[in-house]
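Engineer: In UniProt numbering, the protein residues as written are 1 to 156.
Mind having a look at this structure? Questions to follow.
This is how it looks when you write it as structure tokens:
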């Protein structure tokens, strides 16, 4: 088997088991984390690779990630406008646009990987989130059923 075929087999989306329920979660999480790591997207879902040049509030989520100004568009779909840019509010330079486009590729790859590997029942909820980080956090919270009450209310 060629190295590229072996690489595809090990880290391709087809090697990630579909997330259907909490019983599949840990196997799915290990596989998708490997895929995201190899594809340079793990920091996106961990919240450490944030959209460059976009304004953030001075508030932080529970993980210490800066909160964005309320997002109305899916992350990676629209470059920040002058009103949404940090600093002096000038349009982005070509170099800054290139940096944003590189981030966009990682963000959309992470979103696509998550949405492509969850069951259609979960996909409805996952798609309601605008960033790969928010999708990931929702899944972590939904699948970490720590109490019997939570498991019962989630029907799992």
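Beta carbons: idealized from backbone N, C-alpha and C, even for Gly.
Keep in mind that this is a model prediction, so the values were computed, not measured.
Give me the Cβ distance between residue 16 and residue 31, rounded to the nearest whole Å; I'm assuming they're in contact under 8 Å.
Structural biologist: Against the chain shown, residue 16 aligns to sequence position 16. Against the chain shown, residue 31 aligns to sequence position 31. Between residue 31 and residue 16 the Cβ distance is about 4 Å, and since that is below 8 Å, they are a contact.
Engineer: Can you tell me which of 140, 132 and 141 puts its alpha carbon nearest to the alpha carbon of residue 47?
Structural biologist: Working through the chain shown from its first residue, we reach residue 47 at position 47. Considering only alpha carbons, the answer is 132.
Engineer: Return yes when the Cβ of residue 100 is within less than 8 Å of the Cβ of residue 108, no when it is not.
Structural biologist: Stepping through the chain shown from its first residue, residue 108 is reached at position 108. Stepping through the chain shown from its first residue, residue 100 is reached at position 100. No, Cβ-Cβ distance for residue 108 and residue 100 is not below 8 Å.
Engineer: Kindly list the residues whose CB is nearer than 7 Å to the CB of residue 110, restricted to its own chain and excluding five residues on each side of it in sequence; keep chain order.
Structural biologist: Taking the first residue of the chain shown as 1, we reach residue 110 at position 110. Within the same chain, residue 110 has close Cβ partners 36, 41, 44, 45 and 132.
Engineer: How about residue 49 and residue 106: do their beta carbons lie closer than 8 Å?
Structural biologist: Residue numbering aside, residue 49 sits at position 49 when the chain shown is read from its first letter. Residue numbering aside, residue 106 sits at position 106 when the chain shown is read from its first letter. Yes.
Engineer: What three-state label does DSSP hand residue 118 in the structure shown?
Structural biologist: Indexing the chain shown from 1 puts residue 118 at position 118. DSSP places residue 118 in strand when its eight states are reduced to three.
Engineer: Which first and last residues belong to the alpha helix (DSSP H) in which residue 143 is found?
Structural biologist: As a working note, residue 143 is residue 143 in the chain shown. Start and end: 132-143.
Engineer: Grab me the residues of residue 74's own chain with a C-beta within less than 7 Å of its C-beta, minus the 5 sequence neighbours each way, in chain order.
Structural biologist: The residue given as residue 74 occupies position 74 in the chain shown. 130.
Engineer: Taking the alpha-carbon positions, what's the residue 103 to residue 135 distance?
Structural biologist: As a position in the chain shown, residue 103 is number 103, starting the count at 1. As a position in the chain shown, residue 135 is number 135, starting the count at 1. Cα to Cα, residue 103 sits roughly 17 Å from residue 135.
Engineer: For residue 126, collect the residues of the same chain with a Cβ closer than 8 Å to its Cβ; drop the 5 residues on either side in sequence, then sort them by chain order.
Structural biologist: Position 126 of the chain shown, counting from 1, holds the residue named residue 126. Correct list, in chain order: 114, 115, 118, 135, 138 and 139.
Engineer: Answer with buried or exposed for residue 97, where buried requires no fewer than 16 other C-beta atoms within 10 angstroms of its C-beta.
Structural biologist: Residue numbering aside, residue 97 sits at position 97 when the chain shown is read from its first letter. By the 10 Å Cβ count, residue 97 comes out exposed.
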